[in-house]
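Reviewing the structure listed below.
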Amino acid sequence: MYTPAITGTGVFTPAERITNAELVAAFNAYVDLQNARNADAIAAGEQAPLQYSSEEFIEKASGIESRFVMDKAGILNPEIMFPQLRQRSDDEPGIMAEMAVDAARKALAKAGKTAADVDAVICAASNMERAYPAVAIEIQQILGIKGFAFDMNVACSSATFGIQVAADMVRSGSIRAALVVNPEICSGHLEWRDRDCHFIFGDVATATLVERQEDASGPHFEVLSTRCATEFSNNIRNNNGFLRRSRPDGVADRRDMQFMQNGRKVFKEVLPMVSQHIADHMDAEGVAASDLKRLWLHQANKSMNDFIGKKVLGRTPDAGEQPNILQDYANTSSAGSIIAFSQYCDDLSEGDTGLICSFGAGYSVGSVILRRHG
Ligand code: COA
Numbered sequence: 003m004y005t006p007a008i009t010g011t012g013v014f015t016p017a018e019r020i021t022n023a024e025l026v027a028a029f030n031a032y033v034d035l036q037n038a039r040n041a042d043a044i045a046a047g048e049q050a051p052l053q054y055s056s057e058e059f060i061e062k063a064s065g066i067e068s069r070f071v072m073d074k075a076g077i078l079n080p081e082i083m084f085p086q087l088r089q090r091s092d093d094e095p096g097i098m099a100e101m102a103v104d105a106a107r108k109a110l111a112k113a114g115k116t117a118a119d120v121d122a123v124i125c126a127a128s129n130m131e132r133a134y135p136a137v138a139i140e141i142q143q144i145l146g147i148k149g150f151a152f153d154m155n156v157a158c159s160s161a162t163f164g165i166q167v168a169a170d171m172v173r174s175g176s177i178r179a180a181l182v183v184n185p186e187i188c189s190g191h192l193e194w195r196d197r198d199c200h201f202i203f204g205d206v207a208t209a210t211l212v213e214r215q216e217d218a219s220g221p222h223f224e225v226l227s228t229r230c231a232t233e234f235s236n237n238i239r240n241n242n243g244f245l246r247r248s249r250p251d252g253v254a255d256r257r258d259m260q261f262m263q264n265g266r267k268v269f270k271e272v273l274p275m276v277s278q279h280i281a282d283h284m285d286a287e288g289v290a291a292s293d294l295k296r297l298w299l300h301q302a303n304k305s306m307n308d309f310i311g312k313k314v315l316g317r318t319p320d321a322g323e324q325p326n327i328l329q330d331y332a333n334t335s336s337a338g339s340i341i342a343f344s345q346y347c348d349d350l351s352e353g354d355t356g357l358i359c360s361f362g363a364g365y366s367v368g369s370v371i372l373r374r375h376g
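For what it's worth, the numbering used here labels the leading residue of the sequence shown as 3, then goes sequentially.
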């Protein structure tokens, strides 16, 4: 048996950024357009007018101030309201592979490793841009990695579930190292025409190198333990899928073919599930709240993170103990906790303990307890 360790992480951040002010201006222009188009039905009481969004609401309800996206123009065009991405030929890298490769190269450089040191690629994300071949295999080929690759999807928990799979394979000796990559184009499945959720998501890609601790060439984080859990819920759901055209109105512009959530219920049900999951995981590993130097949480909502941080530590976390990046990136699904880890892990000292936790649709929750070395 080998001890697994995270030896490097990398983040690809899209070049384009949308502030709340820009988002709300575009959304409200869309509302004016739609209400003018439907003026007769609205006047006759047959249809409710669409309502404006507001910057104040977004920041208060979520803590989000801006988000990065792969195509700003399409999202902000009130006649379009979704990203418009160039159709690539089958012979050039797909957009998810391209984002993931950028993050993976950064993770390899940080670990001081090359493709020759890696035996597996896991592409773990909320959405895949095609049914097959696996995006992970395309990434493997571009990076020149021998061995194998596969895709997996556990929505917002994909990264921590992927790290558990990678750590288990490293531990058993079936591989020396795996790259877990999380390319998330959340702008593609977000309903930008719905004010209840149009501010929630952003795009990004993260990568994590998990290898044998004995192969680490610099400072790294030993994976002490991982734990995953799922409980079925319809409160975060997207009905898009390969049977779409087989349904009577399946290819129509249907609301349920994008991200849908019952945000209040998610709040009420996921918070106790996550708090209990972390408490049980720490208890099982003999890690006390006072032992935890840092919490790198899923980045969906500031109040949610404040609540979990307080529950786990038994007090309000000090500034920096539970870093948030959601104000800059919004919710980037599985990648959020890895961005937080990547940006806020270098200052920890030998022996410090920290915990990554992600949670979301499924419901799903995954946690990784880490110890710093070097
Ligand atoms: N601008 C202005 N008002 C808005 C608005 C917007 N963009 N969106 C919603 N509102 C209104 C609502 O219509 C509602 O009005 P009402 O009280 O008259 O019905 C009011 O603001 C409150 O809406 P609500 O949806 O209850 O707000 P909330 O405080 O629950 O915040 C979320 C919404 C989505 C930010 C919050 O529920 C959340 O973050 N939930 C968990 C999300 C999550 O983690 N999801 C996982 C995804 S992977």
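C-beta: ideal position from N, C-alpha, C; glycine also.
Check, Outcome
"C-beta contact flag for LEU350 and ARG296 at 8 Å", "yes"
"For review: beta carbons within less than 5 Å of any heavy atom in the ligand COA", "SER55, SER56, PHE59, ALA63, SER64, CYS158, ARG197, ASP198, GLY265, ARG266, VAL268, PHE269, ALA302, ASN303 and GLY362"
"Bridge partners - THR318, DSSP secondary structure assignment", "Per DSSP, none; premise fails for THR318."
"PRO95 versus VAL289: straight-line alpha-carbon distance, rounded", "43 Å"
"Start and end residues, beta strand (DSSP E) containing LYS295", "294-299"
"Three or more C-beta pairs below 8 Å linking the region 151-167 and the region 178-191", "yes"
"Rounded distance between the beta-carbons of VAL123 and ILE165, thought under 8 Å", "Actually they are not in contact, since the Cβ atoms of ILE165 and VAL123 sit about 13 Å apart, beyond 8 Å."
"Reduced DSSP secondary structure (H/G/I, E/B, other) of GLN263", "strand"
"Strand pairing of CYS230, partner residues [DSSP]", "GLY368"
"Residue ranges of each alpha helix (DSSP H) within the region 66-132, 4 or longer", "74-78 and 97-113"
"Nearest-angstrom beta carbon gap, ILE8 and VAL206 [assumed within contact, 8 Å]", "Not a contact, Cβ separation roughly 18 Å."
"Validate contact between the region 274-283 and the region 361-373 using beta carbons, cut 8 Å, 3 pairs", "yes"
"Cβ neighbour criterion (16 or more within 10 Å) applied to MET72", "buried"
"Three-state secondary structure (DSSP) of CYS158", "helix"
"Rounded separation between PRO80 and ARG246 - CA only", "26 Å"
"Contact the region 136-156 vs the region 43-53: 3+ CB pairs below 8 Å", "no"
"Reference PHE269, options MET262, SER305 and ASN241, closest by Cα", "SER305"
"Given 8 Å, three or more beta-carbon pairs between the region 27-36 and the region 224-242", "no"
"Alpha-carbon spacing of MET154 relative to ILE44, whole angstroms", "45 Å"
"Per-residue burial, ASN236 [other beta carbons within 10 Å of its own, 16 or more giving buried]", "exposed"
"Neighbourhood of ILE144 by C-beta distance below 7 Å, restricted to the same chain and skipping five residues each side", "PRO95, ALA99 and VAL103"
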